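A quick write-up on the structure given underneath.
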Amino acid sequence: MGIGLTEGILIAAIVIFCFGGKKIPQLGRTLGESIRGFKEGKKSNQQQEEDKNRDNKKS
0 MGIGLTEGIL
10 IAAIVIFCFG
20 GKKIPQLGRT
30 LGESIRGFKE
40 GKKSNQQQEE
50 DKNRDNKKS
């Protein structure tokens, strides 16, 4: 059950109406940076866990 074309257009129209056309690129950039930071943190945490598990197996 995903979002269809009609729902996507409606959501986009509401976002543009609420934030205005000039704010959309700034919001997209901020969202992208946030997602990138989250992924980097998640990857770093997974790497630390793998290193810890590898060290425990050696002991």
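Each residue of the sequence shown is one higher than the one before, counting from 0 in numbering that gives the first Met the number 0.
Every residue, glycine too, gets a C-beta built ideally from N, C-alpha and C.
Bear in mind the structure is a predicted one, so any value in this text is a computation, not a measurement.
Where residue i sits in the DSSP three-state scheme
i: glycine 3; result: coil
i: lysine 22; result: coil
Distance between beta carbons of residue j and residue i, contact taken as under 8 Å
i: isoleucine 15; j: isoleucine 23; result: 7 Å
i: leucine 26; j: phenylalanine 18; result: 6 Å
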